[in-house]
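Below is one structure, written out as structure tokens; the observations come after it.
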Amino acid sequence: MRVDITAEAIGHVQAHGGNVWVWAAYPRLRCCGMQAWVHASTDQPADASGFGPLPADGVQLQFRRLGRREPAVLQLALHGRHRPQVEAYWDGCLFVL
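Going by the working numbering, the letters in the sequence shown line up with residues 8 to 104, in that order.
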């Protein structure tokens, strides 16, 4: 898996402690065919089990796979102007295909 992080995302993560957690999860209320959404946070999730480190430039990246699946490319970018947050993309998408 290749990890691509924008310079803005690196700066944001470093300003918020240097750690970022990335995981994919299905919505709680799930309809047939619903996709798992990719989440990213500079705060440790309540359930931090199953995360493992990934090599990333300038940040400590913790990633939890979705079963045995993982993206070919995991991208992290900064999203939002008023309340910027790190956003993760699984092979270019906000959800797992």
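We treat Cβ as the ideally placed atom computed from N, Cα and C, and that holds for glycine.
Would you kindly check if the distance between the Cβ of residue j and the Cβ of residue i is under 8 Å?
{"i": "V103", "j": "L83", "result": "no"}
{"i": "A32", "j": "W44", "result": "yes"}
{"i": "R9", "j": "V80", "result": "yes"}
{"i": "T49", "j": "G87", "result": "no"}
{"i": "W30", "j": "Q51", "result": "no"}
{"i": "D98", "j": "P78", "result": "yes"}
Pick from the options: whose alpha carbon is nearest that of residue i?
{"i": "V158", "options": "L68, W97, E77 and L101", "result": "With the chain covering only 8 through 104, there is no way to say anything about residue 158."}
{"i": "E15", "options": "H23, D50, P62 and L85", "result": "L85"}
{"i": "S56", "options": "H46, R71 and A47", "result": "R71"}
{"i": "V93", "options": "T13, R76 and G99", "result": "T13"}
{"i": "R75", "options": "G99, N26 and F58", "result": "F58"}
From the DSSP output, in three-state form, read off residue i for me.
{"i": "V20", "result": "helix"}
{"i": "A43", "result": "coil"}
{"i": "A79", "result": "coil"}
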